[in-house]
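Encoded as structure tokens, the structure appears first; notes follow it.
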Amino acid sequence: MLLKIRLLLTVNVGLFLYTVLLCVQKLKTYPNFFTDFFNNFASNTTNLTARWHFSFLSWRSLVFLVILVALLFLLLKFWRVTFVLLEVIAGFLLLDYFLLLFQKQIDMSAFYPFIVLIIALMNIWHNSKVLKLL
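For the numbering used here, add 1173 to where a residue sits in the sequence shown, where the first one is 1.
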């Protein structure tokens, strides 16, 4: 039973991250503070990863993979902090959406991904409670 709940938690985290990606892509088309932040973040990460080659035998790639695995392990180990981070991401995206809604740059039809985002976050919270991660 716990394996099914853990699988459901993993699927919900994947759904949450995919929906965040969709929301960011949709909200980046409108000019405001959050759009500037997302564009700067995307350009910085692209510049950081563009210097690396696809050779997994180079020591830089191996160090990057070790750091990535360690970061994922720490996120899983400290799940409460990770969950708070997911809540903050969802909060900023909803704040950006409501800002655009009040400026009349976006309408209610674009709210569907945010509903999926909130439902995925609620499912993550519920499954984490059942698994006693929170």
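Virtual Cβ for every residue (Gly too), placed ideally from N, Cα, C. Please read all numbers here as calculations on a predicted model, not as lab measurements.
Three-state class that DSSP yields for residue i in the structure shown
i       : result
Leu1306 : coil
Asn1185 : helix
Lys1201 : coil
For residue j and residue i, believed in contact at Cβ under 8 angstroms, the rounded distance
i       : j       : result
Cys1312 : Leu1290 : As shown, the chain starts at 1174 and ends at 1307. That puts residue 1312 outside it, with no answer to give.
Tyr1270 : Leu1200 : 7 angstroms
Trp1252 : Leu1307 : 7 angstroms
Leu1304 : Leu1182 : 7 angstroms
Pro1193 : Ile1262 : Pro is not the amino acid found at residue 1193; the sequence shown has Val there. About 6 angstroms; that satisfies the 8 angstroms criterion.
Exposed unless 16 or more other CB atoms sit within 10 angstroms - verdict on residue i
i       : result
Ile1240 : exposed
Asn1300 : buried
Phe1287 : buried
Tyr1285 : exposed
Asn1217 : exposed
Ala1215 : exposed
Ala1243 : exposed
Val1186 : buried
Phe1206 : exposed
Leu1294 : buried
Leu1266 : buried
Leu1259 : buried
Which parts of the stretch 1221-1299 are runs of the alpha helix (DSSP H), unbroken and 4 residues or longer, counting only runs that do not cross its ends? Correct list: 1232-1250 and 1252-1275.
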